[in-house]
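Undergrad:
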Amino acid sequence: MREIIHIQAGTFANYVGTHFWNTQESYFTYYEDEDPIVRHDISFREGLIHNEPTLCPRLLLFDRKVNFGSLAKTNRLADENGEDEEESILWDGNTVEYKQEPVSKSQYHTHLEEMSEDTTEDAVGETTDASIRYWSDFNRVFFSPRTVQMLPDVADWETTTGDWSVGQETFRRFDEENGLMEESLRLFIEECDNFQGLQVIQDTSTFGSFIGSMLSSFRDEYPKNQALTFALLSSTHTGHIDANSNPSVINEAVNDALCLRALNELSDATIPIYHPSHWPQGAWADNLKFDREKPYHTSAILSAHIESATLPLRLKGSSHDISALSNRINWSSVRFGQLSGTLPVSSAQTFKNRLNFSTLSSHKQTEFSREDVIRGFSTENTKVYDDWCNLSPLRAPFYACTTTPSYPLPTSFPPIFESQYPRPLSKPVFSSLGAGTASSGMLSDYAKLIGRLSTKKKGIVIGLEDDELRELANELWVLCDGYLGDGPDEKEEDAPGEDET
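Sequential numbering from 1 applies to the sequence shown in UniProt numbering.
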């Protein structure tokens, strides 16, 4: 067994992660004659809920306390009475105690609990946009007590978004006070028979430096284990920022750049993901009706592709692991890859029109490697896919494909499909991880921005010296240059080796 421990950090990352774990839960089988398609013990461990054995994610989940919703009081393996432990108070004078009203259970959880044993889950109905207040509102799995890592809330007059040094200090104090590395993480690792590494989903604007510090500590303690990171970038657009922009906007963009530099050293493979506000219009969305302003919607789309693209790591009988996946993604000396895909796949769509979550460029790129996962394809879909792949110069070991059943849609999944009635139970999906020249465009955009800021002496605004800004820009340019080598020979202009993203 090759266990993976998962890290989720930040509100949007936890929206994505909630969909991810709900999908994992949908693979559970409950009858002896059912054969699961995945090895549950790779990402799950056995715990107890009311003295009943239950599978719980191998997961450390970080967010500010205010963002946990009802999970702050429920869905734990311990302290299920919902009462906080009393803290010792040194002050023996008069005190005035203020308590917030506890967050009520979500409508979705209430419906699930009201189900009787002979009621089908379809009777629960779908979640509705209005009923989703927090990412925990549609969570379907139970967590180990050490999974939930609540950071103290930030005062209304303070902001920690985009502040690299504050995130580092927050990690140091949180680790010191809560035994994060020596207790929570170490205990998860010691439970494993053959721990292979971490799979990380993080918001760079709020947890970039926190997770960077955590990965640095992880590397010191476990240098031989792997890390695969999905970095959810901030909503800032580097091309629209200059020295006169709002300092908070500048901070977030520089924080993204610092995070990318750190991850190149600390993560075996990093997949940058642009904010949903930057996702382009296109044929990839023809069969969707989602609201890009709603994280419940956009996280479902993103999670479907992250879950599908990493599914080979968990498939029963599969020899895939994070190391092999990272080696395919990594091209030359640079560790940044790309996530792309189409949900749902229809006969009218072509694979050239898939959405690339890791680039803003509309230009063609040269692909160096690609690992595809095709799910629930019809005979027609498979033929179109095979014809498209035959145009590509990519061959093993630069290319691989895994075929699996359709992507399952639990009742927690939002109604974002054009054809929604009757409620679909699954959809065909195409998801891909790979490497290509478009990553150089992302890195150069950040390098240009940092260069502009350094020439305008803006280092003091973001807590960096001007020399540090220039050094950061130079290092990003070096990473960018790592993509300038020649990939596999192209056969045709429109071949997927020169994909239009």
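We treat Cβ as the ideally placed atom computed from N, Cα and C, and that holds for glycine.
All values reported here derive from a predicted model rather than from experimental measurement.
Quick check: the Cα distance between S236 and W477, rounded to an integer number of angstroms?
TA: At residue 236 the sequence reads Thr, which differs from the Ser that was named. Distance between the alpha carbons of T236 and W477: 20 Å.
Undergrad: Nearest-angstrom Cα distance between N225 and Q196?
TA: 6 Å
Undergrad: Is the separation between the beta-carbon of D268 and that of R335 shorter than 8 Å?
TA: yes
Undergrad: Look at the Cβ atom of I322, then the Cβ atom of L464, and state whether they are nearer than 8 Å.
TA: no
Undergrad: Note down, in chain order, each residue of its chain lying with its Cβ closer than 8 Å to the Cβ of residue 581, except the 5 sequence neighbours on either side.
TA: Outside the modelled stretch of the chain, which goes from 1 to 501, sits residue 581, for which no answer is possible.
Undergrad: Applying the 10 Å Cβ sphere with the 16-neighbour rule, what's the burial state of D24?
TA: For clarity, residue 24 is Gln in the given sequence; the question names Asp instead. With 16 or more Cβ atoms within 10 Å of its Cβ, Q24 is classed as buried.
Undergrad: Go ahead and pull the three-state DSSP assignment for E46.
TA: strand
Undergrad: Among R64, P410, E114, which has the Cα closest to the Cα of D153?
TA: It is R64.
Undergrad: With a CB to CB cut of under 8 Å and the five nearest residues on each side skipped, what residues in its chain are close to P36?
TA: Take P36, set aside five residues on each side of it, and the residues of its chain with a beta-carbon closer than 8 Å to its own are Y27, F28, T29, K316, in chain order.
Undergrad: Could you pull the DSSP bridge partners for S426 from this structure?
TA: P408
Undergrad: Would you check if the region 376-386 and the region 339-350 touch, i.e. whether three or more CB-CB distances between them fall below 8 Å?
TA: yes
Undergrad: Taking a contact to mean a Cβ-Cβ separation below 8 Å, would you say N264 touches W164 in this structure?
TA: no
Undergrad: Which of helix, strand or coil does DSSP assign to T298?
TA: helix
Undergrad: What is the DSSP secondary structure of V334, reduced to helix, strand or coil?
TA: If DSSP states are grouped into helix, strand and coil, V334 belongs with the strands.
Undergrad: May I ask which residues mark the beginning and end of the alpha helix (DSSP H) holding F210?
TA: 204-221
Undergrad: Shorter than 7 Å, the distance from the beta carbon of R423 to the closest heavy atom of the ligand FMN, or not?
TA: Only the bare structure without any ligand can be found here, which leaves the ligand FMN out of the picture.
Undergrad: Who are the near neighbours of residue 586 in its chain, counting only those whose CB is closer than 6 Å to its CB and skipping five residues on each side?
TA: This structure cannot settle anything about residue 586, because the visible part of the chain is limited to 1 through 501.
Undergrad: What does a CB cutoff of less than 8 Å around A309 pick up in its chain, not counting 5 residues either side in sequence?
TA: L339, G341, E371, V373, S431, S432, L433
Undergrad: What three-state label does DSSP hand K456 in the structure shown?
TA: coil
Undergrad: Let me make sure I understand the geometry here. Which of L180, A155, A130 has the alpha-carbon closest to that of R146?
TA: L180
Undergrad: Which residue from S248, E169, A231, H240 puts its Cα closest to that of S213?
TA: E169
Undergrad: Note the first and the last residue of the continuous beta strand (DSSP E) segment covering K364.
TA: 364-375
Undergrad: For the beta strand (DSSP E) containing R146, list its first residue and its last residue.
TA: Taken as a continuous stretch (DSSP letters only), R146 belongs to no beta strand (DSSP E), as it is neither H nor E.
Undergrad: For the alpha helix (DSSP H) holding F12, just list the boundary residues, first then last.
TA: 11-26
Undergrad: With a threshold of 8 Å on Cβ separation, who are the neighbours of L425 within its own chain once the five nearest residues in sequence on each side are excluded?
TA: P408, L409
Undergrad: Just list the residues that DSSP pairs S431 with in beta bridges.
TA: Answer is G341, V373, bridged to S431.
Undergrad: To the nearest angstrom, report how far apart S303 and L360 are at their CA atoms.
TA: 19 Å
Undergrad: Hey, quick one: how far does the beta strand (DSSP E) through L325 stretch, first residue to last?
TA: L325 -> not in any beta strand (DSSP E); alpha helix (DSSP H) instead, spanning 322-329.
Undergrad: Mind checking who F417 pairs with in its DSSP beta bridge?
TA: Answer is L288, bridged to F417.
Undergrad: Please determine, among K294, P57, G436, Q199, the residue with the shortest C-alpha to C-alpha distance to N139.
TA: Residue nearest to N139 within the set K294, P57, G436, Q199 is P57 (criterion: CA-CA distance).
Undergrad: At what residue ranges does the region 222-261 contain a whole run of the alpha helix (DSSP H), taking only runs of 4 or more?
TA: none
Undergrad: Taking the alpha helix (DSSP H) that T379 belongs to, which residues open and close that run?
TA: 379-390
Undergrad: Check for me: the alpha helix (DSSP H) holding T270 runs from which residue to which?
TA: It is not in any alpha helix (DSSP H) - T270 instead sits in the beta strand (DSSP E) that spans 269-273.
Undergrad: Taking Cβ to Cβ, would you say G10 is nearer than 8 Å to D203?
TA: yes
Undergrad: Under 8 Å by Cβ, that's how I've got G208 and C259 pegged, so tell me the actual separation to the nearest angstrom.
TA: 4 Å
Undergrad: Excluding the 5 residues flanking Y274 on each side, which residues of the same chain have their C-beta closer than 8 Å to its C-beta?
TA: L233, F357, S358, T359, L360
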